[in-house]
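Just so it is clear: in the sequence shown, position 38 is 55 by my numbering, and no numbers are missing. Glycine included, each C-beta is placed from N, C-alpha and C at the ideal position. Everything on this sheet refers to the single structure shown next.
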Amino acid sequence: MAPTLVERIGVEPTRAAVIADCVSLIDNQVKSKGGVGGLAIRASYATIKAIKRGFVPDVVNSLLDEWLGKLQPHYDKWEANKAGSFPEFVIARSDDVAEDLLSVTDKRAETTKHTTAKKGYLKMRGGAKRNVIEAIPELSKLIEKYLASPVVAPAATPPAT
Numbered sequence: 018m019a020p021t022l023v024e025r026i027g028v029e030p031t032r033a034a035v036i037a038d039c040v041s042l043i044d045n046q047v048k049s050k051g052g053v054g055g056l057a058i059r060a061s062y063a064t065i066k067a068i069k070r071g072f073v074p075d076v077v078n079s080l081l082d083e084w085l086g087k088l089q090p091h092y093d094k095w096e097a098n099k100a101g102s103f104p105e106f107v108i109a110r111s112d113d114v115a116e117d118l119l120s121v122t123d124k125r126a127e128t129t130k131h132t133t134a135k136k137g138y139l140k141m142r143g144g145a146k147r148n149v150i151e152a153i154p155e156l157s158k159l160i161e162k163y164l165a166s167p168v169v170a171p172a173a174t175p176p177a178t
């Protein structure tokens, strides 16, 4: 059986690079938001980042496996036919993909103890689907980039002496 997305790009040493690229993608998406809504998004994001310095990478790390799990069925469907590239496949289904990804963050928001983050998320949730859909082209290219990289086996642990 072929390795899952989690097994391919959600493990070290690749995982750290995937997380860094996801954080960069999120930062760029937030920066690109214009208008009054964009101002609110940028302000909420800046507040969250100021309160806890490593918050965004920590959240990406904690949600990565679940997000990859939600992308797995889409990847499997694409893999079965390989009609076009994975980004083309996912972009064509961006509405469903966005809902799947947001189901993870919705679930987390229900249980988080970070009240400021929860308030910010709930405040922005109405427009979140549009924002996720806008990010799907870059997200799918990011995933494709790591899937194209050779799978690197973790370093063996030396035997105890």
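- DSSP, reduced to helix, strand and coil, places Val28 outside both helices and strands of the structure shown, so it counts as coil.
- Taking each of Cys39, Pro30, Ala19 and Gly54 in turn and checking the Cα distance to Arg147, the smallest one comes out for Gly54.
- Leu81 places its beta carbon less than 8 Å from that of Ile36.
- The residue among Val47, Gly52 and Trp84 with its C-alpha nearest the C-alpha of Lys66 is Val47.
- Between the C-alpha atoms of Leu22 and Gly86 there is a straight-line separation of about 7 Å.
- By the Cβ criterion, the segment 87-106 is not in contact with the segment 127-141, since fewer than three pairs of Cβ atoms, one from each stretch, lie closer than 8 Å.
- With fewer than 16 other CB atoms across the displayed protein chains lying within 10 angstroms of its CB, Leu56 is exposed.
- By the neighbour-count criterion, in which a residue is buried when 16 or more other Cβ atoms sit within 10 angstroms of its Cβ, Gly27 is buried.
- Under the criterion of beta carbons closer than 8 Å, Leu164 and Arg25 qualify as touching, at roughly 6 Å.
- In the displayed model, Pro74 falls within a helix according to three-state DSSP.
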